[in-house]
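First up is the structure itself, then whatever we jot down about it.
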Amino acid sequence: NPANNEAVVLSNFRVEAVEIYDMSGKMVRREEVSAYELHLDLQTLASGSYVFKIKTVKGTIEKKVVKQ
Numbered sequence: 063n064p065a066n067n068e069a070v071v072l073s074n075f076r077v078e079a080v081e082i083y084d085m086s087g088k089m090v091r092r093e094e095v096s097a098y099e100l101h102l103d104l105q106t107l108a109s110g111s112y113v114f115k116i117k118t119v120k121g122t123i124e125k126k127v128v129k130q
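Quick note: the sequence shown uses the numbering used here, first residue 63, plus one each step.
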């Protein structure tokens with residue numbers, strides 16, 4: 063999942079929060095939302111790999127994202 067300056071999150075369930083972690087496990091961003099579709103601005107993140115923890119009303123999903 064390479065991304066440049068934006069990541070799009072689509073969910074069948076309402077997303078309540080998105081947490082972004084670097085590969086050392088440090089949280090670099092948290093956004094509280096209430097939406098089924100999110101457009102996350104990644105311009106401030108350095109290039110590298112990240113784990114997105116997407117918290118929905120039905121549970122948490124983890125996705126690895128590579129910022130180019």
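Just so it is clear, CB atoms sit at the ideal spot from N, CA and C, and this is done for glycine as well.
None of these values were measured; they are calculated from a predicted model.
- Contact annotation, V113 with A65: C-beta distance approximately 13 angstroms; criterion of less than 8 angstroms not satisfied.
- For I116, the closest C-alpha among the options L107, L100, G110, K88 is that of L100.
- The closest CA to that of S86, considering only S73, N74, S111, T118, is found on S111.
- Here A69 is buried: its Cβ has 16 or more other Cβ atoms, across all protein chains shown, within 10 Å.
- For L102, the enclosing beta strand (DSSP E) covers residues 89-103.
- Annotated as distal: V90 and V80, with beta-carbon spacing of 8 angstroms or more.
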